[in-house]
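Have a look at the structure below before the remarks.
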Amino acid sequence: MAKRALIIGGGLGGLFTGAILAKEGLDVIILEKNRTIGGGLQSFKRFGEVFDTGMHVVGGLQEGGNIRRICQYLGIWDKVHAKAIPSECIDKIYIAEDKHYYEIASGKEQYVDSLSKYFPHQHDNLVRYVEAICRIVNEMDLFYLRPSSRDMFSHSEEFNMSADGFIAKYITDERLRQIVAYINPIYGGCADTTPAFIHATISILHINGLSRFAGGSQRFADTLCDSIKSRGGKVIVGDGVQHIHTDGRNITGVTTCNGQHFTADYYISDLHPCTLISLFDTPSALPKAYRSRLQEIPNTYSSFLLYLKLKPKSFPYLDYTGFYVQGYDRIWDIGSSLMVNGNWKNSKCEAFLYMTPPEIDQGPFSQKMIIAAPMTWQVVREWECTTVGHRGSDYEEWKRTKADELLARMEEMYPDFRACVEDVNSASPLTIRDYFGTKEGSMFGYAKDCKNMALSLVPVVTKISNLLLTGQCINLHGFCGVPLTAINTCEAILGRNYVINKINSHFQS
Ligand SMILES: Cc1cc2nc3c(=O)[nH]c(=O)nc-3n(C[C@H](O)[C@H](O)[C@H](O)COP(=O)(O)OP(=O)(O)OC[C@H]3O[C@@H](n4cnc5c(N)ncnc54)[C@H](O)[C@@H]3O)c2cc1C
Numbered sequence: 117m118a119k120r121a122l123i124i125g126g127g128l129g130g131l132f133t134g135a136i137l138a139k140e141g142l143d144v145i146i147l148e149k150n151r152t153i154g155g156g157l158q159s160f161k162r163f164g165e166v167f168d169t170g171m172h173v174v175g176g177l178q179e180g181g182n183i184r185r186i187c188q189y190l191g192i193w194d195k196v197h198a199k200a201i202p203s204e205c206i207d208k209i210y211i212a213e214d215k216h217y218y219e220i221a222s223g224k225e226q227y228v229d230s231l232s233k234y235f236p237h238q239h240d241n242l243v244r245y246v247e248a249i250c251r252i253v254n255e256m257d258l259f260y261l262r263p264s265s266r267d268m269f270s271h272s273e274e275f276n277m278s279a280d281g282f283i284a285k286y287i288t289d290e291r292l293r294q295i296v297a298y299i300n301p302i303y304g305g306c307a308d309t310t311p312a313f314i315h316a317t318i319s320i321l322h323i324n325g326l327s328r329f330a331g332g333s334q335r336f337a338d339t340l341c342d343s344i345k346s347r348g349g350k351v352i353v354g355d356g357v358q359h360i361h362t363d364g365r366n367i368t369g370v371t372t373c374n375g376q377h378f379t380a381d382y383y384i385s386d387l388h389p390c391t392l393i394s395l396f397d398t399p400s401a402l403p404k405a406y407r408s409r410l411q412e413i414p415n416t417y418s419s420f421l422l423y424l425k426l427k428p429k430s431f432p433y434l435d436y437t438g439f440y441v442q443g444y445d446r447i448w449d450i451g452s453s454l455m456v457n458g459n460w461k462n463s464k465c466e467a468f469l470y471m472t473p474p475e476i477d478q479g480p481f482s483q484k485m486i487i488a489a490p491m492t493w494q495v496v497r498e499w500e501c502t503t504v505g506h507r508g509s510d511y512e513e514w515k516r517t518k519a520d521e522l523l524a525r526m527e528e529m530y531p532d533f534r535a536c537v538e539d540v541n542s543a544s545p546l547t548i549r550d551y552f553g554t555k556e557g558s559m560f561g562y563a564k565d566c567k568n569m570a571l572s573l574v575p576v577v578t579k580i581s582n583l584l585l586t587g588q589c590i591n592l593h594g595f596c597g598v599p600l601t602a603i604n605t606c607e608a609i610l611g612r613n614y615v616i617n618k619i620n621s622h623f624q625s
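Start counting the sequence shown at 117; every next residue gets the next number (our numbering).
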């Protein structure tokens, strides 16, 4: 009889973990509280258009890329509609204070050249900086899907230094230091606490080349779901786990909101760990110190999101991600810059990202745009006790103000932009919290702190013998990090390097 793995949560982490375990012969059940599978990959329909929840600029899908290889091993690569972002310009940064644009290219040499165009005297420093990024990422066997023989991981001094300290070590020009840090909203970065390895990992994904999901990220979630079902697994949606029952340090079963009861050999949580511990019927099943630690770890910031339906043929399709930042000195505090005169609510959106998601048959014009403005939880705290659709007129008014601010900023770059907009929908950190069960609507889960690495590193194994963790709070976040963490989770069941060896032998056979 195949061992049963019950996965709580059908986000990217739950789906990858389920797809790998189903491929390796386990009997997989996924329980997802929302009616649609995918978590942060979910798409939704508004004004007759399908919008992705997030921006989903994704790395690791290029030829030989780690996530592409995992998809090939799972046998789903031919169903992934990835659209490569042209290498000449993957990201375009606009600094409002001097109305200056910076275009960033992918490819190691091209990346250096694209920045040297603006900072010619920093060329050699940029070369050394990119080499250092590669060295740091090379310390992570998992990133390159290499089997690991190490019991203890020891890393170079640079690996765990602060991201801004690492940049400053190589780049001497103050302004260029700010520009190479533009990427920090992709990892919820803080200058002096985010470790260099997080900055290096996200940077290398951009340097190696980015893609987008043509036709929406939901297709990718559905493909993983189909892969699980085709191997005999079950994916149950619209029925979340309400109670986890325990006997000592062992889970004996779970009960869903609709009263269904499930038992399994392994229970795997894809939830934010703080959401997970609230489901235990006997909280003391997990040691108090462990629970306290999970509650204490700070979370990365959240985001205010605008989903715009654009008028037909009014705005071009942009194949790069746009970054708007008020001033050079704001680049590092994009997510924490919103308190003005001690007032969170009326603070201005001084930085944001924007992108036009591609259709399957993308033409020269965009049908829609997503704008994401990093925002801390404090901004919406006054409505934290409200639920979706019942937050009150002051909240709706506040959202309208934020939307107006962002549209005004867009007009600084694209005069008359508002005339291109047909409909506006918005979401706040509260929306992210309530749809995905993520503490404080955090975009990327737990924040890593180079001054206290022990606090922010949560292993996949837990104090409960048959409970494992997966998802963005464990190890690395994002479209590339979460599948790699899923490998760690699966190997806690299947044996060290089991999945990695399978992936590699898939390419040798
Ligand atoms: C606005 C935004 C933009 C982003 N943009 C990018 C990007 O461009 N590139 C990138 O790489 N990453 C991006 N990310 C991050 C990326 O989306 C996440 O790292 C990833 O999707 C997290 O996957 P996960 O499985 O860990 O968590 P989630 O996707 O949050 O999945 C958790 C799942 O658990 C379910 N759940 C919660 N409680 C229960 C319960 N009691 N019972 C059952 N199910 C439950 C939730 O409904 C959800 O489906 C973005 C995130 C956000 C919020």
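Ideal placement from N, C-alpha and C gives every residue a C-beta, glycine not left out.
Buried or exposed (CB count within 10 angstroms, at least 16 for buried), residue i
i: A535; result: exposed
i: Y217; result: exposed
i: H237; result: exposed
i: M117; result: exposed
i: E148; result: buried
i: C501; result: exposed
i: N241; result: buried
i: H315; result: buried
i: I124; result: buried
i: K515; result: buried
i: V496; result: buried
i: D207; result: buried
Residues bridged to residue i [DSSP beta-bridge criterion]
i: A200; result: S327
i: H377; result: T371
i: E255; result: Answer by DSSP bridge pairing: none, since E255 is not bridged.
i: P389; result: Beta-bridge pairing links P389 to no other residue.
i: R244; result: DSSP output for R244 lists no bridge partner at all.
i: T362; result: I367
i: G127; result: G154
i: V174; result: S327
i: P480; result: In the DSSP output, where bridge partners are listed per residue, P480 has none listed.
i: P311; result: S278
i: H216; result: I211
Residue i - DSSP class collapsed to helix/strand/coil
i: P490; result: strand
i: Y530; result: coil
i: Y382; result: strand
i: E165; result: strand
i: T437; result: strand
i: P399; result: helix
i: I192; result: coil
i: T317; result: helix
i: Y614; result: helix
i: P263; result: coil
i: T503; result: strand
i: P428; result: coil
i: V577; result: strand
i: N462; result: In this prediction, N462 has a pLDDT of 49, which is less than 50 and means its spatial position is unreliable; what the coordinates show is noted afterwards. Note: N462 maps to coil in three-state DSSP.
i: S542; result: strand
i: A467; result: strand
i: E556; result: helix
Neighbour flag for residue i against chain B, beta carbons, 8 Å
i: M526; result: Of the protein chains in the structure, only one exists, and it is not chain B.
Beta-carbon proximity list for residue i, same chain, < 6 Å, skipping 5 on both sides
i: L434; result: T472
i: Y210; result: Y217, Y440 and M529
i: R627; result: Here the chain covers residues 117 to 625 and nothing more, so residue 627 does not appear.
i: T398; result: T362
i: F552; result: G155
i: I249; result: A316, S319 and I320
i: K119; result: L142 and D381
i: L122; result: I145, F378, A380 and Y383
i: M526; result: F533
Sequence-distant residues of its chain with Cβ nearer than 7 Å to residue i (five each side left out)
i: G369; result: H361, H377, F378 and T379
i: D308; result: S278 and D280
Neighbourhood of residue i by C-beta distance below 8 Å, restricted to the same chain and skipping five residues each side
i: V246; result: K224, Y227, V228 and I323
Spell out a yes or no on whether the region 573-585 and the region 285-302 are touching, meaning 3 or more CB-CB pairs, one atom from each, closer than 8 Å.
no
Mind the definition here: the region 598-608 touches the region 135-146 only if three or more C-beta pairs lie below 8 Å; say whether that holds.
yes
Validate contact between the region 363-372 and the region 222-236 using beta carbons, cut 8 Å, 3 pairs:
no
Taking one C-beta from the region 384-397 and one from the region 409-425 each time, how about it: are there three or more such pairs within less than 8 Å?
yes
Below 8 Å, can you find three or more Cβ-Cβ pairs linking the region 478-498 to the region 417-425?
Three or more Cβ pairs drawn from the region 478-498 and the region 417-425 lie within less than 8 Å of each other, which places the two stretches in contact.
Inter-stretch contact (C-beta, 8 Å, three-pair minimum) for the region 155-173 and the region 334-346:
yes
Inspect the CB distances between the region 561-568 and the region 400-409 and report whether three or more fall short of 8 Å.
no
Assess contact between the region 606-621 and the region 250-265, defined as three or more Cβ pairs (one per stretch) separated by less than 8 Å. Is contact present?
yes
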